[in-house]
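S.K.: Next up is a structure, given as structure tokens.
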Amino acid sequence: AQSVTQPDIHITVSEGASLELRCNYSYGATPYLFWYVQSPGQGLQLLLKYFSGDTLVQGIKGFEAEFKRSQSSFNLRKPSVHWSDAAEYFCAVSSPNDYKLSFGAGTTVTVRA
Amino acid sequence: DTEVTQTPKHLVMGMTNKKSLKCEQHMGHRAMYWYKQKAKKPPELMFVYSYEKLSINESVPSRFSPECPNSSLLNLHLHALQPEDSALYLCASRRQDAWDYEQYFGPGTRLTVT
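Here's what the structure looks like:
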């Protein structure tokens with residue numbers, strides 16, 4: 001069965017600083033990987049996804065993620081955070097012919113002025 | 114239209130009430146989902162409908178009853194809920210193509226059981 005680990009429960013970053021959120025997955029073949037963001041009281045918005053091809057994926061809001069098969073990782077990055085990036089971030093994995101998404105526990109990002 | 118809508122946004126109900134949550138999408142997606150999400154936790158899958166048929170029930174208590182009247186609409190009927198059922202209920206939809214596994218989420222219904 002697939003699983004996802006987000007090692008960081010909470011990250012605090014200064015506005016304008018860079019951000020990296022870690023995600024490790026467990027799956028036998030190439031998984032389908034996603035990063036979602038959730039602002040307080042809102043639904044989940046997809047930031048980016050990886051199915052195949054180029055391992056560096058560009059998403060919305062200036063985010064990017066890199067798939068590293070050797071490390072079973074799919075870390076999310078942003079070069080310069082804005083106060084509006086304060087939110088909960090979830091990494092998720094799916095597999096072919098599987099309806100389900102397996103979510104990580106989430107990382108809360110706080111942005112300080 | 115790439116939107117999943119959910120109504121109502123907020124719902125407060127007593128333990129003896131019967132209420133329903135509604136979810137709608139017009140993207141032609143044939144898989145639809147209900148999730149329950151507690152604060153600071155990831156969404157937990159409850160039900161999956163595929164081509165209007167229930168394909169997955171994650172051992173959800175019978176006080177939650179899903180319904181998919183057509184390919185665009187998904188309901189969740191609630192009866193005799195418990196205070197611990199208070200949560201954000203999220204709907205999602207997905208294409209059935211083999212190459213697109215992205216789930217599109219609605220904004221959720223914040224449910225409070227008193």
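Protein sequence lines correspond, in order, to chains A and B.
Quick note: the first sequence, position 57, residue 57 per this note's numbering, numbers continuous.
In this note's numbering, each number is its position in the second sequence, counted from 1, plus 113.
Yeah, the Cβ is synthetic: ideal placement off N, Cα and C, and Gly gets one too.
Do three or more CB pairs link the stretch 70-88 of chain A to the stretch 29-39 of chain A at distances below 8 Å?
M.R.: yes
S.K.: Does DSSP classify Lys61/A as helix, strand or coil?
M.R.: Within the first sequence, residue 61/A is the residue found at index 61, counting from 1. The answer is helix: DSSP assigns Lys61/A an H, G or I state.
S.K.: Does DSSP classify Glu215/B as helix, strand or coil?
M.R.: Numbered from 1 along the second sequence, position 102 holds the residue referred to as residue 215/B. Three-state result, Glu215/B: coil.
S.K.: When the cut-off is 7 Å and only beta carbons count, does Phe63/A lie next to chain B?
M.R.: For the purposes of this step, residue 63/A is taken as residue 63 along the first sequence, with counting starting at 1. Phe63/A does not count as touching chain B.
S.K.: Does the count of Cβ pairs from the stretch 167-182 of chain B and the stretch 74-84 of chain A closer than 8 Å reach three?
M.R.: Contact between the stretch 167-182 of chain B and the stretch 74-84 of chain A is absent, with fewer than three C-beta pairs closer than 8 Å.
S.K.: Need the endpoints of the beta strand (DSSP E) that Thr108/A sits in, please.
M.R.: Taking the first sequence and counting its residues from 1, the one referred to as residue 108/A is at position 108. That run of the beta strand (DSSP E) goes Thr107 to Arg112.
S.K.: How about the stretch 5-20 of chain A and the stretch 105-112 of chain A: do they share at least three Cβ pairs that are nearer than 8 Å?
M.R.: Segments in contact, yes.
S.K.: Once the 5 residues before and after Pro83/B are set aside, which same chain residues still bring their CB inside 6 Å of it?
M.R.: A query on residue 83/B cannot be resolved here, the shown segment of chain B reaching from 114 to 227 and no further.
S.K.: Hey, Met126/B and Leu187/B are a contact pair by Cβ (cut 8 Å); roughly how many whole angstroms apart?
M.R.: As a position in the second sequence, residue 126/B is number 13, starting the count at 1. As a position in the second sequence, residue 187/B is number 74, starting the count at 1. Not really, about 19 Å apart at Cβ, beyond 8 Å.
S.K.: Using a cut-off of 8 Å between C-beta atoms, extract the partners of Gln42/A located in chain B.
M.R.: Residue 42/A sits at position 42 when you count from the first residue of the first sequence. Neighbours of Gln42/A on chain B, chain order: Pro220 and Gly221.
S.K.: Measuring CB to CB, does Gln216/B end up less than 7 Å from Leu101/A?
M.R.: Translated into the one-based positions of the second sequence, residue 216/B becomes position 103. Translated into the one-based positions of the first sequence, residue 101/A becomes position 101. Result yes, Cβ atoms of Gln216/B and Leu101/A sit closer than 7 Å.
S.K.: From Leu134/B to Leu19/A, what distance separates their C-alpha atoms?
M.R.: Position 21 of the second sequence, counted from the first residue, corresponds to residue 134/B. Position 19 of the first sequence, counted from the first residue, corresponds to residue 19/A. When rounded, the distance between both Cα atoms is 37 Å.
S.K.: With 16 as the cutoff for other CB atoms within 10 Å, does Ala29/A come out buried or exposed?
M.R.: Working through the first sequence from its first residue, we reach residue 29/A at position 29. Ala29/A should be labelled exposed.
S.K.: Beta carbon of Gly59/A, beta carbon of Leu44/A: below 7 Å?
M.R.: The residue you call residue 59/A lines up with position 59 of the first sequence. The residue you call residue 44/A lines up with position 44 of the first sequence. Their beta carbons are not under 7 Å apart, which means Gly59/A does not touch Leu44/A by this criterion.
S.K.: What does DSSP give as the partner residues of Met145/B in its beta bridges?
M.R.: Walking along the second sequence from the start, residue 145/B turns up at place 32. In the DSSP output, where bridge partners are listed per residue, Met145/B has Tyr162/B and Ser206/B.
S.K.: Looking only at its chain, what residues have a beta carbon closer than 8 Å to the beta carbon of Ser95/A, apart from the 5 residues adjacent to it on each side?
M.R.: Residue mapping note: residue 95/A aligns to position 95 of the first sequence, counting from 1. Taken in chain order, the residues that qualify are Gln2, Tyr27, Ala29, Pro31 and Tyr32.
S.K.: What residues match up with Asn97/A in a beta bridge as DSSP calls it?
M.R.: Locating residue 97/A in the first sequence gives position 97, counting from the first residue. Asn97/A pairs with nothing; no bridge assigned.
S.K.: List, in chain order, every chain B residue whose beta-carbon is nearer than 9 Å to that of Phe67/A.
M.R.: Position 67 of the first sequence, counting from 1, holds the residue named residue 67/A. Per Cβ cutoff of 9 Å: no residues; Phe67/A is ~15 Å from chain B at best.
S.K.: Does the distance from the C-beta atom of Tyr162/B to that of Met140/B stay below 7 Å?
M.R.: Locating residue 162/B in the second sequence gives position 49, counting from the first residue. Locating residue 140/B in the second sequence gives position 27, counting from the first residue. It is not a contact, given that the beta carbons lie outside the stated cut-off.
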